[in-house]
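This report concerns only the one structure given below.
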Ligand SMILES: Cc1ncc(COP(=O)(O)O)c(C=O)c1O
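Next comes the structure, spelled out in structure tokens:
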């Protein structure tokens, strides 16, 4: 790394004294002398504590769909908080925001707000269990649904080498501290494998409450569902009394205004939202079919949270949704995303590097492999080292993309054509340097 850490390092040294490993999420720690300290962001750019500037494609791992410190959202939040933030009661802002979600998301009938994606998937799963009176669920390898115990199996963090035969379906626990028997509640299947899901459902549907799926692999380079895969899941859920949950924490209000439901044309029973709903302010939601959601409350399924639908989050979400509803932000993003995707593709082709472009333009990635990529196990053929070198070269040139190919490149409204072209120029240099 060629940047000065004159100011960043002393701050991170203090962080190491007070925060475990100096961070507030495991995934942020990059080493005692390497972890960046970010002081500010504006639009598509961020600055570290030394004033070094970066074009940002991490975007806080997805929430920023308009740009950092967007004046319109900041203004809405600043106005709203003058009247108080937390009342443990329904507020007009909350109702208006829910009405906007319902207007924009196809077939959204009833919802509840929470603060994080983890809370949203946890409550969605409990709702599915409450509705079906069954306990187990299916998730897919390489999918991350948050940090609660039930979903920490075979996620994006799981080394592929740790996964057994793809027919074994043995859930690999992520980290320690999770009771052993929680494993018994989950089946982990390969994404895009129609037969594996059908077989598992046929064998075990009497105890399966739900299929929970990220509609595209938002934590594995954005790998998209094959034609008919999501519809296949819906059909099985309808046939066998299971609740289909789309985890739209990464895809919601990012792929399109209606999220994966709209983009892929399949309506699940419940979806979860977080990240792009607040452009960086913490807000989340779960909701869908009125029939399923009716089990929430009234002495049935517990959903609770002191800070749910607080005024800060509602003001931010209402402002974000209003902007998305009134202007073609995500459509424009897709056009610029395609410019980026085509540019990256051409540079990799010209450099003679075997690769696969992956993902939707608004949440995209590429993998350095000749093999078609359909699921997480295909990453076994990926050249991790070369990818990391290219991204490290990008970082040195002031463009920050995660150096792990599993995390997609995110775009926001503030990534102009000029910024994308600047990125492509630096990418060409970075690739040349990496293979020289
Ligand atoms: C698909 C998906 N679901 C759930 C979560 C958890 O969201 P949060 O970090 O807000 O708890 C994430 C976080 O990255 C995610 O990518």
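Numbering (the working numbering), first residue to last: 16 to 451.
Glycine residues also receive a C-beta, built at the ideal position from the N, C-alpha and C atoms.
Looking at the backbone, the Cα of residue 243 and that of residue 151 are separated by about 24 Å. Under the DSSP assignment, residue 393 falls outside any alpha helix (DSSP H); it carries neither an H nor an E label.
Residues 143, 144, 147, 149, 150, 151, 152, 257, 258 of the same chain have their beta carbon placed closer than 7 Å to that of residue 224, with the five preceding and five following residues left out of the count. Judged by DSSP secondary structure, residue 450 falls outside any beta strand (DSSP E) and instead within the alpha helix (DSSP H) spanning 432 to 450.
Our two residues, residue 129 and residue 332, have alpha carbons roughly 12 Å apart in a direct line. DSSP places residue 141 in no beta strand (DSSP E) but in the uninterrupted alpha helix (DSSP H) bounded by 132 to 147. Where residue 274 is concerned, the enclosing alpha helix (DSSP H) starts and stops at 274 to 279.
Here residue 32 is exposed: its Cβ has fewer than 16 other Cβ atoms, across all protein chains shown, within 10 Å. If you draw a straight line from the Cα of residue 351 to the Cα of residue 314, it comes to about 48 Å. When the five nearest sequence neighbours on each side are left out, the beta carbons in the same chain lying within less than 7 Å of the beta carbon of residue 54 are those of 62, 63, 64, in order along the chain.
When C-beta atoms of the segment 314 to 328 are compared with those of the segment 69 to 85, fewer than three pairs fall below 8 Å, so the two segments do not count as touching.
Under the three-state reduction of DSSP, residue 241 is assigned to coil, being neither helix nor strand. Within the same chain, 142, 143, 146, 258, 284, 285 come within 8 Å of residue 307 by CB-CB distance, once the 5 residues on both sides are set aside. Within the DSSP bridge table, the entry for residue 202 names 153 as partners. The Cβ neighbour count for residue 266, taken over all protein chains shown within 10 Å, is at least 16; the residue is labelled buried. Assignment of residue 372 by DSSP, reduced to helix, strand and coil, places it in the strand class.
For residue 287, the enclosing beta strand (DSSP E) begins and ends at 285 to 288.
Secondary structure of residue 337 (DSSP, three-state): helix.
Residue range 223 to 228 is occupied by the beta strand (DSSP E) that includes residue 227. Beta-bridge analysis with DSSP links residue 168 to 188. When the five nearest sequence neighbours on each side are left out, the beta carbons in the same chain lying within less than 8 Å of the beta carbon of residue 131 are those of 161, 289, 297, 299, in order along the chain. Boundaries of the alpha helix (DSSP H) harbouring residue 359: 344 to 365, taken from the DSSP string. Of the candidates 228, 48, 292, 228 places its Cα closest to the Cα of residue 158. Taking residue 107 as reference, the option from 406, 303, 95 with the minimal CA-CA separation is 95. Distance between residue 231 and residue 336, taken at the CA atoms: about 22 Å.
Rounded to whole angstroms, the Cβ separation of residue 420 and residue 380 is 6 Å, and the two are in contact under 8 Å. For residue 88, there is no enclosing beta strand (DSSP E); the residue is found in the alpha helix (DSSP H) stretching over 86 to 96.
The segment 421 to 428 makes contact with the segment 76 to 95: 3 or more CB pairs, one atom from each, lie closer than 8 Å.
The residue from 302, 136, 67, 154 with its alpha-carbon nearest to that of residue 120 is 302.
Taking 8 Å as the cut-off, the beta carbon of residue 169 is found closer than this to the beta carbon of residue 187. Judged by DSSP secondary structure, residue 55 falls within the beta strand (DSSP E) whose first and last residues are 53 to 57. Between residue 204 and residue 184, the beta carbon gap of about 6 Å places them in contact (Cβ cut-off 8 Å).
With contacts defined by Cβ atoms closer than 8 Å, residue 246 and residue 263 do not form a contacting pair. At a cut-off of 7 Å, the beta-carbon of residue 300 does not count as near ligand 1: no heavy atom of the ligand is closer than that.
Between ligand 1 and residue 139, a heavy atom-to-CB distance of less than 7 Å is absent. Spanning the alpha carbons of residue 436 and residue 377 requires a straight line of approximately 16 Å.
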